[in-house]
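The listed protein sequences derive, respectively, from chains A and B.
Note that the first sequence covers residues 377 to 496 in this note's numbering.
Note that the second sequence covers residues 11 to 124 in this note's numbering.
Single-structure report; data block below.
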Amino acid sequence: QVQLVQSADEVKTSGASVKVSCKASGAKHGFSWVRQAPGQGLEWMGWITPYNGNTNIAKKFQGRVTMTTEASTGTAYMELRNLRSDDTAVYYCARVREDSSGYYRYFDYWGQGTLVTVSS
Amino acid sequence: EIVMTQTPLSLSVTPGQPASISCKSSQSLLDYNGETHLYWYLQKPGQPPQLLIYEVSNRFSGVPERFSGSGSGTDFTLKISRVEAEDVGLYYCMQNVELPPRITFGQGTRLEIK
């Protein structure tokens, strides 16, 4: 049974940084991060390939987000800097699956979510 | 950016009755390899999203047969043949056809039970 376990909820002030972790069981796969603001839909942030650490970060988050992995523990991290009030959201990690050509395409298992609250 | 438009945004269904959700994309989701990158997720209340359908019509492991996906190009549909109480939640379509990726989701469709 694949499980992704995320770190605890966080409360931050504007301008601070937050680092969320996601530990996965099972074989190595890519990790993606998706966030959901209160009462809103899903927003893709980016993903990371564990084998070489390559990332694809959504344009909106480039320059503010860093995604990393720790191969020894099977853990992925997402750091978001210079937090604003509109960054308040539940942040999900998800395991990435490839298509038949080996390109990352979709998410099959998700973590439980980490609520990040940004207050001014 | 590819815009995904779902209709309806909400629906109320009697248990045992069918339900259908439409998802339209602003560009074709068919790639150079002949694969179509359209996915469906269900987010039950208080839970993370869960994968229902991948590549238009393939049910993910453990997904009941009452869920089916169809469509091509820019028009897609998720159908539930007989709705059950456990099907309540928000349904999202998602596309990932572009390389490098620019993944987008539909706005979500809320299913409730009458």
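Just so it is clear, CB atoms sit at the ideal spot from N, CA and C, and this is done for glycine as well.
Every value quoted in this text rests on a predicted model; they were computed, and no experiment measured them.
(request) Kindly say whether I12 of chain B, judged by its beta-carbon, lies nearer than 7 Å to any beta-carbon of chain A. (result) No, no contact with chain A.
(message) For chain B, check one thing: does any of its Cβ atoms lie closer than 7 Å to the Cβ of G417 of chain A?
(response) Using a CB distance cut-off of 7 Å, G417 of chain A counts as an interface residue toward chain B.
(request) Check each residue of the region 423-438 of chain A: if its Cβ is closer than 9 Å to any Cβ of chain B, include it; give the result in chain order. (result) So the close ones are W423, N432, A434, K435.
(request) State yes or no: is the C-beta of P55 of chain B nearer than 6 Å to some heavy atom of the ligand SAM? (result) Absent from the structure shown: the ligand SAM. Ligands present: none.
(message) Against chain A, does Y101 of chain B count as a neighbour if the rule is that its beta carbon must be under 7 Å from one of theirs?
(response) With a threshold of 7 Å between beta carbons, Y101 of chain B makes no contact with chain A.
(message) By the 9 Å beta-carbon criterion, what residues does the region 54-66 of chain B contribute toward chain A?
(response) Listed by position along the chain: Q57, P58, P59, Q60, L61, Y64, E65.
(request) Have a look at the DSSP bridge pairing and note the partners of F70 of chain B. (result) By DSSP's assignment, F70 of chain B forms no beta bridge with any residue.
(request) For S477 of chain A, decide whether its Cβ has a neighbour in chain B, counting only Cβ atoms nearer than 7 Å. (result) yes
(message) Is it buried or exposed, A447 of chain A, if we count other Cβ atoms within 10 angstroms and call 16 or more buried?
(response) exposed
(request) Check whether the Cβ of D462 of chain A lies closer than 7 Å to any Cβ atom in chain B. (result) no
(request) Please compile the residues from chain B whose C-beta is within a distance smaller than 7 Å of the C-beta of D385 of chain A. (result) In chain order: nothing, as chain B lies at least about 14 Å away.
(message) Quick test of your reading: A452 of chain A and C398 of chain A, contact by CB under 8 Å. State the CB separation rounded to the nearest angstrom.
(response) 5 Å between Cβ atoms; contact.
(request) Could you tell me if V378 of chain A is buried or exposed, where buried requires 16 or more neighbouring beta carbons within 10 angstroms of its beta carbon? (result) exposed
(request) For G487 of chain A, go through chain B and note every residue whose CB falls closer than 9 Å to its CB, in chain order. (result) P58
(request) Could you give the DSSP three-state label for D484 of chain A: helix, strand or coil? (result) strand
(message) Against W420 of chain A, what residues of chain B qualify as contacts under a CB-to-CB distance less than 9 Å, listed in chain order?
(response) Neighbours of W420 of chain A across chain B, judged by C-beta separation under 9 Å: M104, N106, P111, R112, I113, T114, F115.
(request) Would you mind stating whether L61 of chain B and F77 of chain B have Cβ atoms separated by less than 7 Å? (result) Taking a C-beta distance under 7 Å as the contact criterion, L61 of chain B and F77 of chain B do not qualify as a contact pair.
(message) Taking the straight line between their C-alpha atoms, what separation do you get for T493 of chain A and E419 of chain A?
(response) 17 Å
(message) Going by C-alpha to C-alpha distance, which of B:Q57, B:N68, B:A29, B:G56 sits closest to L48 of chain B?
(response) B:N68
(message) Starting from T425 of chain A, trace the beta strand (DSSP E) in both directions and tell me its first and last residue.
(response) Where T425 of chain A is concerned, there is no enclosing beta strand (DSSP E), given that its DSSP letter is neither H nor E.
(request) Sort B:E94, B:V93, B:E65, B:G72 by Cα distance to S80 of chain B and report the nearest one. (result) B:E65
(request) Assign E11 of chain B to one of three DSSP states: helix, strand, or coil. (result) coil
(message) With the cut-off set at 7 Å, would you say P111 of chain B and W486 of chain A are in Cβ contact?
(response) no
(request) State the Cα-Cα distance for the pair P426 of chain A and G415 of chain A, rounded to the nearest angstrom. (result) 32 Å
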